[in-house]
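K.L.:
Using the working numbering, the letters of the sequence shown map in sequence onto residues 4 to 360.
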Amino acid sequence: MSLKLLFVSTPVGPLGSGAGGGVELTLYNMATEMGRRGHTLETIAPQGSGLDGLQIIPIPGELQVSAQNGGRDAPISFPADSVLGNMWNRARQVQENFDVIVNFAYDWLPFYLTPFFDRPVAHIVSMASLSEAMDDIIIKTHRTAPHLLAFHSATQAQSFNLSAPLQILGNGLDLSLYEFSPAADGTLAWVGRIAPEKALEDGIIAAKKVGLPLKVFGQIANLEYWQSLQERYGPIDYRGFLPTLELQRQLKECSALLMTPRWLEAFGNVCIEALACGVPVIAYGRGGPAEIIEDGKTGFLVQPDSIDGLVAALSRLGEIDRSMCRRSVQSHYSLSALGDRLERWLYEINDLKFERS
Ligand code: UDP
């Protein structure tokens, strides 16, 4: 049976801008795979969104400030003419045309609105615990409708102190877009939104210590932070925010990807993107990367926040067989593996809808 799905995107930026971080690729990959499986799908997203092949309902309004910018006690706030409010108003108006609505926003409003909708609202929670207000609404949703929540990793789900049942979707990508490179050019890569929680400085310092060039890719999410990095560490080899095909073309040549997040990374799409190209990943051993990387086999997990740990791991890169990296993505994080997990969850939600009504 094919499902009619309504995806509702993140309100922090248009799809394609990079402001939404990993959510953009996640939504795109899930939409493509669900379409390939014969489900019909529309996506509500901020005006200006554009991703190849996605049928988008563009919504005007003021963008939401990213949740990771407030503290733990940050209150919930919305700008006037909020695009988040406008998107969910549209979802409400068109809901009867769909079987399941899927929320990709890490924002309070869609969770709060869930019981007020006639159609089930499934939530793909994209970040770990960040604030009391978000924890509260996620915990309340879990209490009344645990089947409506899905997470990317077990550690991310545990950060909300939820008990089973927990739906862990992982993530996945289209391996045909990522070319395997058996050879490396002796450079290091760092990929991600350039923002304090991603701690690019640790990557810069580690690369300097071992004397290897570091290539940096990603959207500059925090200009002040970016400028301060250049003041502190000198010029950075910044390659820009690249579309997937170009990103993988440059990434695949690298000897390793450094992942140095200060926060608990919910998953870390860039981890599986690098592995798909055969690039080992050296990451702090917490959050998503700790569940993805096989220590000593597809990369190294080091003591969180330890630059010495990164340096020590870099000296062991010769131990990694790059084809193992690619194979680990083929077995766990292909688009069809993700599609199986996602489809099973959405069917379950759709079936429960009939049992409950
Ligand atoms: N990315 C990209 N081009 C770049 C650098 C990064 O498209 O030049 C994308 C990358 O494919 C990934 C996202 O940025 O999907 C970063 O997501 P991740 O899950 O690693 O972290 P988040 O930003 O969600 O915290």
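C-beta atoms are modelled at their ideal positions from N, C-alpha and C, and glycine is treated no differently.
In this text, all values refer to a predicted model and were calculated from it rather than measured experimentally.
Thinking just about the alpha-carbon of each residue, which of Thr-35, Thr-13, Gly-291, Leu-250 is nearest to the one in Pro-61?
P.N.:
Per the Cα distances, Thr-13.
K.L.:
Is Val-124 near ligand 1, in the sense that its beta carbon is under 7 Å from a heavy atom of that ligand?
P.N.:
Not one heavy atom of ligand 1 lies closer than 7 Å to the C-beta of Val-124.
K.L.:
Per the DSSP calculation, Met-137 is bridged to which residue(s)?
P.N.:
As computed with DSSP, Met-137 is found in no beta bridge at all.
K.L.:
With distances taken from CA atoms, which of Ala-22, Phe-120, Arg-252, Asn-89 is nearest Lys-356?
P.N.:
The closest CA to that of Lys-356, considering only Ala-22, Phe-120, Arg-252, Asn-89, is found on Phe-120.
K.L.:
Do Val-86 and Gln-67 come within 8 Å of each other at the CB atom, strictly closer than that value?
P.N.:
Between Gln-67 and Val-86, the CB-CB gap stays under 8 Å.
K.L.:
The beta strand (DSSP E) spanning Tyr-31 covers which residue range?
P.N.:
It is not in any beta strand (DSSP E) - Tyr-31 instead sits in the alpha helix (DSSP H) that spans 25-39.
K.L.:
On the criterion of 16 or more Cβ atoms from any shown chain inside 10 Å, does Ala-279 qualify as buried, or is it exposed?
P.N.:
Residue environment: Ala-279 is assigned as buried (16 or more neighbouring CB atoms within 10 Å of its CB, all protein chains considered).
K.L.:
Could you have a look at Glu-204 and say whether DSSP puts it in helix, strand or coil?
P.N.:
DSSP places Glu-204 in the helix class (H, G or I) of the three-state scheme.
K.L.:
Under the three-state reduction of DSSP, which class applies to Val-97: helix, strand or coil?
P.N.:
helix
K.L.:
In terms of residues, what are the limits of the beta strand (DSSP E) holding Met-262?
P.N.:
259-262
K.L.:
Would you identify the three-state DSSP class for Glu-65, choosing helix, strand or coil?
P.N.:
strand
K.L.:
Closest by CA to Arg-122, which one among Asn-106, Pro-307, Leu-320, Glu-234?
P.N.:
Asn-106
K.L.:
Measuring alpha carbon to alpha carbon, tell me which of Glu-249, Glu-227, Ser-69, Asp-298 ends up nearest Ser-331.
P.N.:
Checking every option, the nearest Cα to that of Ser-331 belongs to Asp-298.
K.L.:
My output table needs one value for Ala-293: the three-state DSSP class, helix, strand or coil.
P.N.:
helix
K.L.:
Take the Cβ of Ser-5 as the centre, count every other Cβ of all protein chains shown within 10 Å, and call the residue buried at 16 or more, exposed below.
P.N.:
exposed
K.L.:
By the three-class DSSP mapping on this structure, what secondary structure does Arg-146 have?
P.N.:
Arg-146: helix per DSSP, three-state reduction.
K.L.:
Would the stretch 289-298 count as touching the stretch 263-281 if we require 3 or more Cβ pairs under 8 Å?
P.N.:
yes
K.L.:
Based on the DSSP output, what are the partners of Ala-77 in its beta bridges?
P.N.:
Its beta-bridge partners do not exist; DSSP assigns none.
K.L.:
How is Thr-46 classed by DSSP in three states: helix, strand or coil?
P.N.:
strand
K.L.:
How would you write the range of the beta strand (DSSP E) that Phe-220 sits in, first residue to last?
P.N.:
217-220
K.L.:
Measure the C-alpha to C-alpha separation of Ala-210 and Thr-263 and round it to an integer number of angstroms.
P.N.:
12 Å
K.L.:
Cα-Cα, which of Val-284, Ser-156, Asp-139 is closest to Leu-320?
P.N.:
Val-284
K.L.:
Which residues share a DSSP beta bridge with Gln-1?
P.N.:
A question about residue 1 goes unanswered here, because the residues of the chain that appear run from 4 up to 360.
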